[in-house]
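Student:
Protein chains: 2
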Amino acid sequence: MREKRLSITDIARQLGTSTTTVSFVINGKAREKNISQVLIDRVEHLVSELNYQPNALAKSFRTGKTMTIGFIVDEISQPFFSGIAKYIDEKASAHGYNILFSSTKNSKKRGGEVLQVFNERHVDAFIIALPNGLENEVRKVISSEIPVVLFDRYIPGFESDYVLIDNENSAADAARHLIDNGYSEIAFVTIETDQSQMLDRTRGYEKAIHTAGLKPIVKKINYQGKSESIAEIAEFLKQHSQIDAVVFSCNYLTMDGLDAMRQLNLKIGEDIAMVSFDDLEVLKYFVPSITAIAQPLEEIANQIMEILMYRLTNNTNKNKIKTVLATQLEIRDSSQFKKSSDEVQPEALTVGK
Amino acid sequence: MREKRLSITDIARQLGTSTTTVSFVINGKAREKNISQVLIDRVEHLVSELNYQPNALAKSFRTGKTMTIGFIVDEISQPFFSGIAKYIDEKASAHGYNILFSSTKNSKKRGGEVLQVFNERHVDAFIIALPNGLENEVRKVISSEIPVVLFDRYIPGFESDYVLIDNENSAADAARHLIDNGYSEIAFVTIETDQSQMLDRTRGYEKAIHTAGLKPIVKKINYQGKSESIAEIAEFLKQHSQIDAVVFSCNYLTMDGLDAMRQLNLKIGEDIAMVSFDDLEVLKYFVPSITAIAQPLEEIANQIMEILMYRLTNNTNKNKIKTVLATQLEIRDSSQFKKSSDEVQPEALTVGK
DNA sequence: TTTATTTGCGTAAACGTTTAAGTAAAACGG
DNA sequence: CCGTTTTACTTAAACGTTTACGCAAATAAA
Chain S
1 MREKRLSITD IARQLGTSTT TVSFVINGKA REKNISQVLI DRVEHLVSEL NYQPNALAKS
61 FRTGKTMTIG FIVDEISQPF FSGIAKYIDE KASAHGYNIL FSSTKNSKKR GGEVLQVFNE
121 RHVDAFIIAL PNGLENEVRK VISSEIPVVL FDRYIPGFES DYVLIDNENS AADAARHLID
181 NGYSEIAFVT IETDQSQMLD RTRGYEKAIH TAGLKPIVKK INYQGKSESI AEIAEFLKQH
241 SQIDAVVFSC NYLTMDGLDA MRQLNLKIGE DIAMVSFDDL EVLKYFVPSI TAIAQPLEEI
301 ANQIMEILMY RLTNNTNKNK IKTVLATQLE IRDSSQFKKS SDEVQPEALT VGK
Chain D
1001 MREKRLSITD IARQLGTSTT TVSFVINGKA REKNISQVLI DRVEHLVSEL NYQPNALAKS
1061 FRTGKTMTIG FIVDEISQPF FSGIAKYIDE KASAHGYNIL FSSTKNSKKR GGEVLQVFNE
1121 RHVDAFIIAL PNGLENEVRK VISSEIPVVL FDRYIPGFES DYVLIDNENS AADAARHLID
1181 NGYSEIAFVT IETDQSQMLD RTRGYEKAIH TAGLKPIVKK INYQGKSESI AEIAEFLKQH
1241 SQIDAVVFSC NYLTMDGLDA MRQLNLKIGE DIAMVSFDDL EVLKYFVPSI TAIAQPLEEI
1301 ANQIMEILMY RLTNNTNKNK IKTVLATQLE IRDSSQFKKS SDEVQPEALT VGK
């Protein structure tokens, strides 16, 4: 038996005025609409006395604006996405927007459903980590003039606003870092995919390797599941025993790689060096700590919200805004072995010697 | 220039029928409302042909149901919360509900604002990790007959549905595990708070310690920030050099503890054992791996959604449902030292010996 | 003083649905 | 064949806002 909420009509009736007036006062349009100060005061007083809360549903229905942003990612529990979500929430809240989220599991089907549901709910804008194969559906949304900002990945040639990181140069940096530290048999472990960010990372790695006159060793995992992936990485490392360093192309491959190396009893920083694309808490606390390419989460979220706010205020979708951000290579102990062992924590390196 | 969407009226007009009929068909009430099969078919045909999508906003406005659940936590980026969010999203989506989330930063002010905003938006239900001091506001929501399920913590004597874990016994288990493995100077590091889950954990620890005839060593951190916390833990451990094991009462204290121990050059599993309340990926991959109390994320989410669905279908708020779930003590290498070193991985224990 | 403008409000329509209530025709019961 | 029930639909109100438009009174301009 939910009691009926106070409506703007109730306020108007109690004041013997019209809903128009009350609405103007509540929305701060009183001055421009020539409402007298006396009446403004009376309205405001009663509103706060009765603790009147406007019905956002009715408002949205009438105006078409929901003050809601749809946030669609592969999986909200992935630290990268929940980290972005954190900052997006902060910034959106500051602008009066709320976040409606859902995970797609990187499934086109789920993605399409979420897109449709959020559309029916009239979200004012979308923030999307584009799942495979959903381009056409997203294109439809974009052409219906609803602001869409993609992040983490995009489709080459796909016209939309996006915020990415410089995947190619980041991967190249990582490879160069290993090269500079004396490694020469540097592998790159990635997934079998046509997602742009993964291809860019692979290209960056290959360029750096070629530039150094080395031979690239690329392993593409056809990702079926965690245990299969671990086994495949382990097998790969066993088969290529010359490898002295590995770059893993994303956070979950890094984790699988850690498992694989543990299985093979390979000691990181000693038997083999590694760099992770994506920084994870575990990497910092690992002994020896593991070098990683850190994405600037807050900056990504900032840029996304900048674009969205621009789109939402200036009602235009023209001239797509394409932002590419730099990453930070967090150099840690385990990738500095071959060059000189002085800088490495003794207790990490003397293990088993 | 967003083009006007198709409305139920357009459908009705094109078919030369009434909106009522169309509405009934769309909502699957055609049979019970005695719509002829012929007409049903015509409506359904046109609806799919024109790809008509009902305006969820108008629907919500009319019915008062938004098919939205407000999810309010301290910080969505914390793995515990984003893990719960993941499962909640899955299960809610399956029931046609979407999740509107926001983080409170455990601030009463932010929490109150979020609560109010979500209320104005007429979310159908709330899932809340109750921030300090927000009891009265939440109580108001509950008494307005909107389903609310609390999780992670609650207020003793606060009448509401909740899903908790058995904090007291979990902490006691952890302490007993250490005792059984031969540790005797076991500290408990927690925060200065009156949050129920922390008090319960402390009580569990103390009971187990007392039962074993040992002396409790409790350190309460007045949490001001990460670096202060690390310093305080380090100072504490330095002052009490007799300590041979520590239980950290929550995930972020565990992380701070790792930092503090690193600062002091204390080798986990060797100089000192530890157990973390809350499992984190870093703990599993740490060498030696670190024992932790793992909360059953999916089961917690399951129970929350069970309660919510019950409340949302049976329109009653009476007889609060209070669920307490067991945890799993994930026993790993670093807490099995004192008892016998046979079971511990050699490379972990021989370090520095 | 007359006319034009500004001030200060109110009236009422509209947004897209759902649904109570009504109606006419068909089917049924006796 | 007449009254009753059932079938198959329609009419119209309602949900709580926003806002275009209208209008009278006050003020300014001429």
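Taken in order, these protein sequences are the chains called S and D.
Using the working numbering, the first residue of the first sequence is number 1, and each one after it goes up by one.
Using the working numbering, the first residue of the second sequence is number 1001, and each one after it goes up by one.
The beta-carbon is built from N, C-alpha and C at its ideal position, and this holds for glycine as well.
Owing to the predicted nature of the structure, the values given are computational and were not obtained by experimental measurement.
I'd like to confirm the pairing. Which residues does DSSP put opposite Q1303/D in its beta bridges?
Tutor: By one-based count along the second sequence, residue 1303/D stands at place 303. The partner list for Q1303/D (beta bridge, DSSP) is empty, contrary to what the question assumes.
Student: Going along the chain, which residues of its own chain have a beta-carbon closer than 8 Å to the beta-carbon of I217/S, five neighbours each way excluded?
Tutor: Counting from 1 along the first sequence, the entry for residue 217/S is found at position 217. So the qualifying residues of the chain are E185, I186, A187, F188, H240 and I243.
Student: Cβ of A212/S within 8 Å of Cβ of L237/S?
Tutor: Along the first sequence, read from residue 1 onward, the residue named residue 212/S stands at position 212. Along the first sequence, read from residue 1 onward, the residue named residue 237/S stands at position 237. Contact flag unset, no.
Student: Who pairs with A1189/D in a beta bridge, going by DSSP?
Tutor: Numbered from 1 along the second sequence, position 189 holds the residue referred to as residue 1189/D. With the sequence shown as reference, residue 1189/D is identified as Val, and Ala is not the correct amino acid for it. K1219/D and F1248/D, per the DSSP bridge assignment.
Student: Following the continuous alpha helix (DSSP H) through K1086/D, name the residue where it begins and the one where it ends.
Tutor: Reading the second sequence from its first residue, position 86 is the one you call residue 1086/D. Where K1086/D is concerned, the enclosing alpha helix (DSSP H) stretches over P1079 to A1094.
Student: Provide the residue span of the alpha helix (DSSP H) that contains V141/S, from first to last.
Tutor: Position 141 of the first sequence, counted from the start, is the residue given in the question as residue 141/S. Element bounds for V141/S: E135 to S143.
Student: How big is the Cα-Cα spacing for S1334/D and N265/S?
Tutor: Against the second sequence, residue 1334/D aligns to sequence position 334. Against the first sequence, residue 265/S aligns to sequence position 265. Spanning the two alpha carbons is a distance of roughly 18 Å.
Student: Please classify D194/S: is it buried, with 16 or more other beta-carbons within 10 angstroms of its beta-carbon, or exposed?
Tutor: Working through the first sequence from its first residue, we reach residue 194/S at position 194. By the neighbour-count rule (16 or more Cβ atoms within 10 Å), D194/S is not buried but exposed.
Student: Beta-carbon of T1009/D versus every beta-carbon of chain S: anything under 8 Å?
Tutor: Here residue 1009/D refers to the residue found at position 9 of the second sequence. False, the Cβ-Cβ gap to chain S never drops below 8 Å.
Student: Is there a Cβ of chain D sitting closer than 8 Å to that of E298/S, yes or no?
Tutor: Your numbering for residue 298/S matches position 298 in the first sequence. Not one chain D Cβ lies under 8 Å of E298/S.
Student: Give me the DSSP bridge partner(s) of F1071/D.
Tutor: Taking the second sequence and counting its residues from 1, one reaches residue 1071/D at position 71. In DSSP, F1071/D forms a bridge with F1101/D and I1127/D.
Student: Should Q1263/D be flagged as near chain S, meaning a C-beta pair shorter than 8 Å?
Tutor: Walking along the second sequence from the start, residue 1263/D turns up at place 263. Chain S contact via Cβ: absent.
Student: If we define contact as Cβ-Cβ less than 8 Å, is I233/S a contact residue for chain D?
Tutor: Residue numbering aside, residue 233/S sits at position 233 when the first sequence is read from its first letter. No, no contact with chain D.
Student: Just how far apart, CA to CA, sit I304/S and K65/S?
Tutor: For the purposes of this step, residue 304/S is taken as the residue at position 304 of the first sequence. For the purposes of this step, residue 65/S is taken as the residue at position 65 of the first sequence. Cα-Cα distance, rounded: 19 Å.
Student: Threshold first: 4 residues or longer. Then list the alpha helix (DSSP H) segments lying entirely within the segment 1026 to 1066 of chain D, N to C.
Tutor: Counting only runs of 4 or more, we get 1037 to 1050 and 1056 to 1063.
Student: Have a look at F1248/D, K1220/D, Q1224/D and K1226/D and flag the residue whose alpha-carbon is nearest the alpha-carbon of D1278/D.
Tutor: The residue you call residue 1278/D lines up with position 278 of the second sequence. For the residues F1248/D, K1220/D, Q1224/D and K1226/D, the minimum Cα distance to D1278/D belongs to F1248/D.
Student: So the candidates are D124/S, I84/S, K108/S and D166/S; which of them puts its Cα closest to the Cα of L308/S?
Tutor: Counting from one through the first sequence, the residue named residue 308/S turns up at place 308. Cα-wise, what sits closest to L308/S is D124/S.
Student: Quick check: what's the CA-CA separation for E359/S versus D152/S?
Tutor: No answer is possible for residue 359/S: the residues shown for chain S start at 1 and end at 353.
Student: Please state if the CB of I1099/D and the CB of I1069/D are separated by a distance shorter than 8 Å.
Tutor: Sequence index remark: in the second sequence, residue 1069/D carries index 69 (1-based). Sequence index remark: in the second sequence, residue 1099/D carries index 99 (1-based). Cβ atoms of I1069/D and I1099/D: closer than 8 Å.
Student: Candidates K1033/D, T1009/D and N1222/D: which alpha carbon is nearest N1055/D's?
Tutor: Within the second sequence, numbered from 1, the residue matching residue 1055/D stands at position 55. Nearest of K1033/D, T1009/D and N1222/D to N1055/D, Cα basis: T1009/D.
Student: Can you list, in chain order, the residues of its chain with a C-beta nearer than 6 Å to that of E1235/D? Leave out the 5 residues immediately preceding and following it.
Tutor: Here residue 1235/D is taken as the residue at index 235 of the second sequence, counted from 1. Excluding positions up to five away in sequence, the list is empty.
Student: Chain S partners of S1048/D, CB-CB under 9 Å?
Tutor: Here residue 1048/D corresponds to residue number 48 of the second sequence, with the count starting at 1. What S1048/D touches in chain S: nothing, since even the nearest Cβ is about 14 Å away.
Student: Quick one, which of V1282/D, P1288/D and D1256/D has its alpha-carbon nearest D1271/D's?
Tutor: On the second sequence, position 271 is the one that residue 1271/D refers to. The shortest C-alpha separation from D1271/D is found at P1288/D.
Student: What are the boundary residues of the alpha helix (DSSP H) that includes V148/S?
Tutor: Here residue 148/S is taken as the residue at index 148 of the first sequence, counted from 1. That residue, V148/S, is in no alpha helix (DSSP H); its beta strand (DSSP E) goes V148 to F151.
Student: Tell me the rounded alpha-carbon separation between Y252/S and I230/S.
Tutor: Taking the first sequence and counting its residues from 1, the one referred to as residue 252/S is at position 252. Taking the first sequence and counting its residues from 1, the one referred to as residue 230/S is at position 230. Roughly 10 Å between the two C-alpha positions.
Student: Does the segment 76 to 83 of chain S touch the segment 1083 to 1098 of chain D, meaning 3 or more C-beta pairs lie closer than 8 Å?
Tutor: Output reads yes: the segment 76 to 83 of chain S touches the segment 1083 to 1098 of chain D.
Student: By the DSSP assignment, the alpha helix (DSSP H) with I1008/D in it spans what residues?
Tutor: Position 8 of the second sequence, counting from 1, holds the residue named residue 1008/D. I1008/D -> alpha helix (DSSP H) spans I1008 to L1015.
Student: What is the residue span of the alpha helix (DSSP H) that I233/S lies within?
Tutor: In the first sequence, counting from the first residue as 1, residue 233/S sits at position 233. That run of the alpha helix (DSSP H) goes K226 to Q239.
Student: Give a yes or no on whether 8 Å exceeds the smallest Cβ distance from G83/S to chain D.
Tutor: Position 83 of the first sequence, counted from the start, is the residue given in the question as residue 83/S. Answer yes: the Cβ-Cβ gap between G83/S and chain D drops below 8 Å somewhere.
Student: State the Cα-Cα distance for the pair L1214/D and I1331/D, rounded to the nearest angstrom.
Tutor: Taking the first residue of the second sequence as position 1, residue 1214/D is located at position 214. Taking the first residue of the second sequence as position 1, residue 1331/D is located at position 331. Going from the Cα of L1214/D to the Cα of I1331/D covers about 22 Å.
Student: Please name the residue or residues paired with V1322/D in a DSSP beta bridge.
Tutor: As a working note, residue 1322/D is residue 322 in the second sequence. At residue 1322/D the sequence reads Lys, which differs from the Val that was named. Its beta-bridge partners are Y1162/D.
Student: Ordered along the chain, which non-local residues of its own chain (more than five positions away) have a Cβ less than 7 Å from that of S1102/D?
Tutor: Mapped onto the second sequence, residue 1102/D falls at position 102. Within the same chain, S1102/D has close Cβ partners I1072 and V1114.
Student: Against K1086/D, what residues of chain S qualify as contacts under a CB-to-CB distance less than 7 Å, listed in chain order?
Tutor: To locate residue 1086/D, count along the second sequence from 1; it is residue 86. Going along chain S in sequence order, the residues near K1086/D (Cβ under 7 Å) are E75, I76, S77 and S103.
Student: Would you identify the three-state DSSP class for F286/S, choosing helix, strand or coil?
Tutor: Here the question's residue 286/S lines up with position 286 in the first sequence. Reduced to three states, the DSSP call for F286/S is coil.
Student: In its own chain, which residues sit with a C-beta less than 6 Å from the C-beta of T1020/D, not counting the 5 before and 5 after it?
Tutor: To locate residue 1020/D, count along the second sequence from 1; it is residue 20. Counting only Cβ-Cβ distances below 6 Å, and skipping sequence neighbours, we find nothing.
Student: Identify, in the order they occur along the chain, each residue of the same chain with its Cβ nearer than 6 Å to the Cβ of A12/S, setting aside the five sequence neighbours on each side.
Tutor: Along the first sequence, read from residue 1 onward, the residue named residue 12/S stands at position 12. If we look at A12/S and ignore the five residues flanking it on each side, its Cβ neighbours are S18, T19 and V22.
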